[in-house]
Structure formats: C-alpha cells, structure tokens
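Asker:
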Ligand SMILES: [Mg+2]
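Residue numbers (my numbering): 19 to 144.
#1: Around the C-beta of residue 73, are 16 or more other C-beta atoms found within 10 angstroms, so that it is buried, or is it exposed?
#2: Going by beta carbon distance, what residues of the same chain come within less than 6 Å of residue 35, once the five residues before and after it are set aside?
#3: One question on the structure: do residue 30 and residue 55 come within less than 7 Å of each other, judged by their Cβ atoms?
#4: Which residue marks the beginning of the beta strand (DSSP E) containing residue 27, and which one marks its end?
#5: Taking the beta carbon of residue 124 as the centre, do at least 16 other beta carbons fall within 10 Å, making it buried, or is it exposed?
#6: Residues bridged to residue 121 by DSSP?
#7: Where the beta carbon is closer than 6 Å to any heavy atom of ligand 1, which residues qualify, in chain order?
#8: Counting C-beta neighbours from all protein chains within 10 Å, is the total for residue 118 16 or more, i.e. buried, or is it exposed?
#9: Do you know how far the Cα of residue 101 is from the Cα of residue 132?
#10: Leaving out five residues before and five after residue 50 in sequence, what residues of the same chain have Cβ atoms less than 8 Å from its Cβ?
#11: Flag this pair as yes or no: are the beta carbons of residue 47 and residue 71 separated by less than 7 Å?
#12: Closest to residue 68 by CA distance: which of 138, 113, 94, 59 is it?
#13: Whole angstroms is fine: what's the gap from residue 77's alpha carbon to residue 89's?
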C-alpha cells in the first residue's frame, strides 16, 4: 500500500467537492485526483485518471448517479463506488444497491464517516 488511494469526487454541488476535500485534508494516504459535476464528466475522468474510488452523488443533471453507477459497473468494474445521497433518495439508493453499490453516506457527512467508507470499500476488494 505504498501508492496513494486515488479518489474522484462526483457531485453537481461544488460545496460537496469542498466538503470532501476538507474531510480528507491532511490524509496523506488519499489523493483527490479530480472532481466532476455529472455522470458524463465522471465517465470521461474515470477513463483519463483511473481512480480507485468514485464518490457519487445521486441527483445530478445530464447523467444521474444511478445511471453512472450502472455504466461504471459494466465498463470499469475495478472502480469502487461510494454513493453520497441526500435525504429523500431512498428509492434511488435501493436501485443502486441492486446495481451492486454497497457503500452509502448521507449528506451532510462527517469526515470520519467518509474516511471509514473509503477504507471499508477498499478492504472488500474487487
Ligand atoms: Mg446532486
């Protein structure tokens, strides 16, 4: 585990990009390699940046988190997904579970919850 964990943050809210960066500040083992505002940009950046983990918002314009999770599972099965959902997304969360997404955080999240989810999702392996 000499390599840093590569994280891509996907959310249409810049506030969440900032919140994730703040939560992981000073954590030398994790590198935020990029941010995306929707699933379409996410898929482009996954191909370019090869992240280990994507934090994925559910409700986004252009391509939502559910659709994105489905494409990631099909085209990039090695990329782990942590869904960051707001309250009220329960139906979408259930559908994401059916696509194999096992890790969810509810916004707003605590820094410790995010760090724990990152290490838990990696420990499960591919
Ligand atoms: Mg959103």
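Beta carbons: idealized from backbone N, C-alpha and C, even for Gly.
Answerer: Let's see:
#1: Buried, by the Cβ-count rule.
#2: Beyond the five residues adjoining it in sequence on each side, residue 35 comes within less than 6 Å, by CB distance, of 27, 53 in the same chain, given in chain order.
#3: Cβ atoms of residue 30 and residue 55: closer than 7 Å.
#4: Its beta strand (DSSP E) spans residues 23 to 28.
#5: Residue 124 is exposed by the Cβ-count criterion.
#6: Answer by DSSP bridge pairing, in chain order: 100.
#7: Result (chain order): 29, 30, 31, 75, 77, 78.
#8: Within a 10 Å sphere around the beta-carbon of residue 118 sit fewer than 16 other beta-carbons, which makes this residue exposed.
#9: So the two alpha carbons sit approximately 11 Å from each other.
#10: A distance below 8 Å between beta-carbons, with the five flanking residues on each side excluded, links residue 50 to the following residues of its chain, in chain order: 25, 26, 27, 38, 39, 42.
#11: No, these two residues do not count as a Cβ contact at 7 Å.
#12: Out of 138, 113, 94, 59, 94 has the C-alpha closest to the C-alpha of residue 68.
#13: Spanning the two alpha carbons is a distance of roughly 16 Å.
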